[in-house]
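Residue numbers (full-length UniProt numbering): 1 to 253.
Don't be surprised by glycine CBs; every beta carbon is placed ideally from N, CA and C.
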């Protein structure tokens, strides 16, 4: 009875930023549960890793999440090729590190456009279709950086933190506005995981994380996918507007 609620057999799922890192892990979790998966990346050249992991039965779509018209076209293509769009995971994201007093403002704007505005545009494109059927799941990949400040020795990326804090607020507001249409909107707030985005930061931050985190280490590959699956599946149908930290206890401190 309960394990069946984690199955996604035949459901169409779209993952932005799904070609690598945490986005690819999300796509793999959804596929393993039976979903028909489409992934979006800015360039077709980014798909090599995903194609090896997901195989040729997944749908690979090139697009920039800042492009509203392209996102609408992607949502429509998913419906035409995979079926009604039921699940959206917003994992597309960028960062830019620099001391806050020296941070180029154009980089702050760029990060906000991708991480926050892009997530809104993708969510709206999906919700316009989910509304017609009275059901949908949207999962935002936020960050613990959106829940608390970080010392510069750990993370010095004020635009990234602001974008993830905004994404958490967006999650809660859309949950309230779209709940009447059966659309659940939730977020995950990962801590540090080994990805291309963190490859420069993690070696410096890891000793501090080991000393301070309750679980004493950063996240490992495979430790986010289960949380994605929970929020994307019927197992969480009575949950909306929630932010679930996957952070080794960082936000418990």
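Item, Value
"With respect to the alpha helix (DSSP H) encompassing residue 109, which residues constitute its N-terminal and C-terminal limits?", "105-112"
"Can you tell which of 112, 127, 215 has its C-alpha closest to the C-alpha of residue 175?", "127"
"Quick check: the stretch 154-164 against the stretch 100-112, are there 3 or more CB pairs under 8 Å?", "yes"
"So, helix, strand or coil for residue 217, using DSSP?", "coil"
"So for residue 183, helix, strand or coil by DSSP?", "strand"
"Looking at residue 108: is its Cβ nearer than 8 Å to the Cβ of residue 65?", "no"
"Could you check what DSSP says for residue 190 in three-state terms: helix, strand or coil?", "strand"
"Excluding the 5 residues preceding and the 5 following residue 35 in the sequence, name in chain order all residues of the same chain whose CB lies nearer than 6 Å to its CB.", "8, 11, 13"
"Note down the Cα distance separating residue 192 from residue 44, rounded to an integer number of angstroms.", "27 Å"
"Is the stretch 227-245 close to the stretch 193-205, with three or more CB pairs under 8 Å?", "no"
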